[in-house]
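Student:
2 protein chains.
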Amino acid sequence: MECDPIGTVHTPFETTSEAPRQGFRDDAEGILDVDPAYREGLTGFDGDRVVVVWWADRADRSVLTLDRDPGRGVFTSRSPARPNPVCVTECAVETVDPTAGRLDLRGVDMADGSPVIDLKVPLD
Amino acid sequence: MECDPIGTVHTPFETTSEAPRQGFRDDAEGILDVDPAYREGLTGFDGDRVVVVWWADRADRSVLTLDRDPGRGVFTSRSPARPNPVCVTECAVETVDPTAGRLDLRGVDMADGSPVIDLKVPLD
Numbered sequence: 001m002e003c004d005p006i007g008t009v010h011t012p013f014e015t016t017s018e019a020p021r022q023g024f025r026d027d028a029e030g031i032l033d034v035d036p037a038y039r040e041g042l043t044g045f046d047g048d049r050v051v052v053v054w055w056a057d058r059a060d061r062s063v064l065t066l067d068r069d070p071g072r073g074v075f076t077s078r079s080p081a082r083p084n085p086v087c088v089t090e091c092a093v094e095t096v097d098p099t100a101g102r103l104d105l106r107g108v109d110m111a112d113g114s115p116v117i118d119l120k121v122p123l124d
Numbered sequence: 001m002e003c004d005p006i007g008t009v010h011t012p013f014e015t016t017s018e019a020p021r022q023g024f025r026d027d028a029e030g031i032l033d034v035d036p037a038y039r040e041g042l043t044g045f046d047g048d049r050v051v052v053v054w055w056a057d058r059a060d061r062s063v064l065t066l067d068r069d070p071g072r073g074v075f076t077s078r079s080p081a082r083p084n085p086v087c088v089t090e091c092a093v094e095t096v097d098p099t100a101g102r103l104d105l106r107g108v109d110m111a112d113g114s115p116v117i118d119l120k121v122p123l124d
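Those protein sequences? They're chains A and B, same order as listed. Just so we're aligned, residue 1 is where the first sequence starts under the UniProt record's numbering, counting upward by one. Just so we're aligned, residue 1 is where the second sequence starts under the UniProt record's numbering, counting upward by one.
Structure follows, in C-alpha cells:
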C-alpha cells in the first residue's frame, strides 16, 4: 500500500523527540504546505481544527516494543517508532489559504519537514 | 512511502458506504486480527479504547472533491475516498488477546476485510 505525500509540514522541532508528546496541548506553531496537485482537496475548508496524518520519515520501523519500557508493545503507545510510522495530530487552524495550499497551525508535534499524507476534519 | 498491513479487520459492512459515518457512535461489533509477525506490538495492551488506522482498499483515490458536494474538497471531510485512503477510527475494546493477536471491538466503521496499518492508544 503506497502513500504519496500530499504536502510537507514545517515545525520548530528537528526531531520528534524534541516535540511535545501531545501536540494539541502545546502552542507550537507550524506551517503546512499542500502540494499544487492536491490543493483542490482544500476547497471550502473553513474549520478551525484539522487532523493531520503525517509520516514520521525518520522513525525506527523495526521496533515492536517501547525503548523506554520493553514490557509494552508499540501499539499501546503513540510513539512514532512503529512498523508503519503513520502519525495523527489534531491541530488548531489559525489561517488557511486553499489557493496557496497553506495552513497556519497551532499545536504541532511533527518533526520539521515531515511528509503529510492526509488531512481530515475532526469528529464533532 | 510503503505501508505493510499489520492485520485485518472483520466487520458487518461489505462497503464503507454501508458503515456508520462515525463508528464510535454506533455499536457495530468487529474483530481485529493482528498478523503473527506484529503481535509483540500488543504486549501489555490493557486499554479499553484503541485508535485503528486502516486502509480503505476499495476507495477511489482519484478524487479531490466530494461526490455529494463538489464545492467541498476531500480534506474538509472524513470520506474514505481521498488520495491516500488512510482512515482513523477510535473503537471500544471489549476483549484483547495479545498472544492470539485478536481484539474484539465495538464501534467499527470499516469495510469487512480492510487492511489495518496501525493501532494506537487514544489521547487522554
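All residues carry an ideal CB built from backbone N, CA and C; glycine is no exception. Note that this is a predicted model, so its numbers are computed, not measured.
I'd like to know if TRP55 of chain A contacts chain B, where contact means its C-beta is closer than 7 Å to some C-beta of that chain.
Tutor: At least one chain B Cβ lies under 7 Å of TRP55 of chain A.
Student: What does a CB cutoff of less than 7 Å around PRO80 of chain B pick up in its chain, not counting 5 residues either side in sequence?
Tutor: THR16, ALA56, ALA59 and CYS87, listed in sequence order.
Student: Buried or exposed for PRO85 of chain B, going by 16 or more other Cβ atoms inside 10 Å?
Tutor: Result: buried.
Student: Please name the residue in B:ILE117, B:VAL74 and B:ASP27 whose C-alpha comes closest to that of ASP104 of chain B.
Tutor: Looking at the Cα atoms, B:ASP27 is the closest of the given residues.
Student: Flag this pair as yes or no: are the beta carbons of VAL51 of chain A and VAL116 of chain A separated by less than 7 Å?
Tutor: Cβ distance not < 7 Å, so VAL51 of chain A and VAL116 of chain A don't count as in contact.
Student: Between the C-alpha atoms of ARG106 of chain B and LEU42 of chain B, what's the straight-line distance to the nearest angstrom?
Tutor: Roughly 18 Å separates the two Cα atoms.
Student: In chain order, what are the residue ranges of uninterrupted beta strand (DSSP E) at least 3 long that sit wholly in the region 94-121 of chain A?
Tutor: You should have 102-106 and 114-120.
Student: Which two residues bound the contiguous beta strand (DSSP E) that contains THR8 of chain B?
Tutor: Looking at the DSSP string, the run of the beta strand (DSSP E) that includes THR8 of chain B is 7-10.
Student: Counting only beta-carbon separations shorter than 7 Å, does PRO80 of chain A have a partner in chain B?
Tutor: So no, PRO80 of chain A is outside the interface.
Student: Around the Cβ of ALA19 of chain A, are there at least 16 other Cβ atoms within 10 angstroms (buried) or fewer (exposed)?
Tutor: Label assigned to ALA19 of chain A: buried.
Student: I'd like to confirm the pairing. Which residues does DSSP put opposite GLU29 of chain B in its beta bridges?
Tutor: Its beta-bridge partners are B:ARG106.
Student: Can you say whether THR11 of chain B is buried or exposed, counting buried as having 16 or more other CB atoms within 10 angstroms of its CB?
Tutor: Counting Cβ neighbours within 10 Å, THR11 of chain B comes out buried, since at least 16 surround it.
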